[in-house]
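Take the sequence shown: its position 131, counting from 1, is numbered 131 in the numbering used here, and each next residue is one higher. Note sheet for the following structure.
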Amino acid sequence: MATKSSSNAVITKPTFDFLRDLVQNNNREWFQTNRARYDAAKNELCGVVQQVLTDLSSFEPLANTAVKDCIFRINRDIRFSKDKAPYKSNMAFAIGPGGRHSGRIDYYVQIQPGNQSFLGAGMWQPTPANLAKFRQEVDYNVDELKQIIEADEFKAYFPEIHGEVLKVMPKGYSADHPEIDLLRRKELFFVHRYTDKEVMKANFAEEVVRGCRIIKPYIDFLNYLFFDEKEEPVML
């Protein structure tokens, strides 16, 4: 079980009210007028992130990872987007070594009204090299991966699978390959959704940590495969 933090980390109804109102008033003038509401919502999010960081540190190496490093800006990057709304409709954070820019597979949490909050993790927009490593592992040694993602507890907590899937088999693999479904995946990202009521419960941060524990073996599998596995030396 996760270690309970002494902080009172709670997301309250005013935070959801602010995000709902922001969707209807997504402009800089309204946002500046309601800046105090945003600051209060962000302060609540910081409390949750701090508790999650504290509890996750019992089984993840998160030394020197600060709350501010984990939280995403609410401002949208509209430079290359047809949608010029300046703000996101959610608040989010990602936890990995050093924060949201760890460069590794991490834990992502999004707070969004309408029962759309979620914890997610996994392979998302991998580099061509990492996707090739994933497919090679599926081809040669799929058992470890399947033992993780097909475990009863894992499937019960993470019933949603997101990501792009090829319509045909990737080049170099037979159409009758026994792991055709995994090989066709360009992304393999698992999601657990929380209702608004669940997010507003006092134990929400602890529940997020419970989900992180469940999906940790999959994250470890990908991080080892993509970043830690040493290539065998070539004998000349």
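Even glycine gets a Cβ: it sits at the ideal position worked out from N, Cα and C. All figures in this text were calculated on a predicted structure; none of them were measured in a lab.
Task: For Gln110, the first and last residue of its enclosing beta strand (DSSP E) - done: Counting from 1 along the sequence shown, the entry for residue 110 is found at position 110. Residues Tyr107 to Ile111.
- [ ] Would you kindly report the start and end of the unbroken alpha helix (DSSP H) that includes Glu160?
- [x] As a working mapping, residue 160 is identified with position 160 in the sequence shown. Run containing Glu160: none in the alpha helix (DSSP H); it sits in the beta strand (DSSP E), Glu160 to His162.
Task: Chain-order list of residues whose beta-carbon lies under 7 Å from that of Val23 (same chain, five-residue window excluded) - done: What you label residue 23 is simply residue 23 of the sequence shown in a count that begins at 1. Excluding residues within five positions, the ones whose Cβ falls inside 7 Å are Ser89.
Task: Tyr218, DSSP secondary structure in three states - done: The residue labelled residue 218 in the question sits at position 218 within the sequence shown. Tyr218: helix per DSSP, three-state reduction.
TODO: Sort Arg20, Ala9 and Lys84 by Cα distance to Gln112 and report the nearest one.
DONE: The residue you call residue 112 lines up with position 112 of the sequence shown. The option with the nearest alpha carbon to Gln112 is Arg20.
Task: Neighbourhood of Leu188 by C-beta, 6 Å cutoff - its chain only, sequence neighbours within 5 removed - done: Translated into the one-based positions of the sequence shown, residue 188 becomes position 188. Contacts found: Gly122, Met123 and Gly163.
Task: Reduced DSSP category for Val49 - H, G, I as helix; E, B as strand; rest coil - done: For the purposes of this step, residue 49 is identified with residue 49 of the sequence shown, where counting begins at 1. DSSP places Val49 in helix when its eight states are reduced to three.
TODO: Starting from Tyr87, follow its DSSP beta bridges and name the residues at the other end.
DONE: Mapped onto the sequence shown, residue 87 falls at position 87. Asn75.
Task: Within the region 124-174, ranges of the beta strand (DSSP E) (whole runs, at least 3 residues) - done: 160-162
Open item on the list: Let me confirm a value: Glu78 is counted as buried when at least 16 other C-beta atoms fall within 10 Å, else exposed. Which label applies?
Closed with: Taking the sequence shown and counting its residues from 1, the one referred to as residue 78 is at position 78. The identity of residue 78 in the sequence shown is Ile, whereas the question assumes Glu. The residue in question, Ile78, is exposed, as its Cβ has fewer than 16 Cβ neighbours within 10 Å.
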